[in-house]
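Heads up, the thing below is written out as structure tokens.
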Amino acid sequence: MPKIIFLPNADLCPDGAVVEAEKGESVLNVALRNDIGIEHACEKVCACTTCHIVIREGFDSIDEGDELEEDMLDKAWGLEPESRLSCQSIVGDEDLVVDIPKYTVNMVSENH
């Protein structure tokens, strides 16, 4: 069973986390199941960029993004070559190392 290593994120996962994932499951669903509250304003239908992540290791093991996801990612804050939308990133056979960007488009902090 593949594992996902979520790197520390001050707001969502301060200490980081190592969790088990099912092959064929989205990275977003794995995160939510493990109480890592990645924003997902469009309810997982690839219509926003709030669930933007960066796959630091294991990028080639996840399914390839489609044109709609690529178009959405063009609007993401901090876009990198290994950026994906977590709602569209399907876990494969290999472990992943995932970085949740500090900022997302549409994310508001109440703790100013």
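The sequence shown begins at 0 in numbering that gives the first Met the number 0 and counts up by one. Glycine included, C-beta positions come from ideal geometry on N, C-alpha and C.
Spatial neighbours of residue i within its chain, please: CB distance less than 7 Å, with the 5 preceding and 5 following residues excluded, ordered by chain position.
i: Ala16; result: Phe5, Asn33, Ile35
i: Cys50; result: Leu27, Ile37, Glu38, His39, Leu84, Ser85, Cys86
Starting from the C-beta of residue i, find all residues in its chain whose C-beta is less than 6 Å away, skip the five residues before and the five after it, and write them out in chain order.
i: Asp10; result: none
i: Phe58; result: Glu81
Hey, residue i and residue j are a contact pair by Cβ (cut 8 Å); roughly how many whole angstroms apart?
i: Val90; j: Val26; result: 7 Å
i: Ala20; j: Ile3; result: 5 Å
If distances are taken between C-alpha atoms only, which option among the options comes closest to residue i?
i: Glu63; options: Gly77, Val97, Leu84; result: Leu84
i: Leu78; options: Lys22, Asn8, Ile99, Ala30; result: Ile99
i: Asn28; options: Asp14, Asn8, Gln87; result: Gln87
i: Glu56; options: Cys50, Ala30, Glu93; result: Glu93
i: Pro1; options: Thr48, Asp70, Ser60, Cys12; result: Ser60
i: Ile54; options: Val18, Lys22, Val97; result: Val97
Locate the alpha helix (DSSP H) running through residue i, then write down its first and last residues.
i: Ala30; result: 26-32
i: Leu124; result: Residue 124 is absent from the model: the chain starts at 0 and stops at 111.
i: Leu84; result: It is not in any alpha helix (DSSP H) - Leu84 instead sits in the beta strand (DSSP E) that spans 82-84.
Check whether chain C comes within 8 Å of residue i, counting only Cβ atoms and requiring the distance to be less than that.
i: Leu95; result: Of the protein chains in this structure there is only one, and it is not chain C.
So, is residue i buried or exposed, given that buried needs 16 or more other C-beta atoms within 10 angstroms?
i: Leu67; result: exposed
i: His111; result: For His111, the pLDDT reaches just 42, beneath the cut-off of 50, and the residue's location in the model is therefore unreliable, leaving the point undetermined.
i: Ala30; result: buried
Tell me which residues share the same chain as residue i and place their Cβ nearer than 8 Å to its Cβ, disregarding the 5 neighbours each side in the sequence.
i: Thr48; result: Met71, Leu72, Lys74, Ala75, Trp76, Leu84, Thr103, Val104, Asn105
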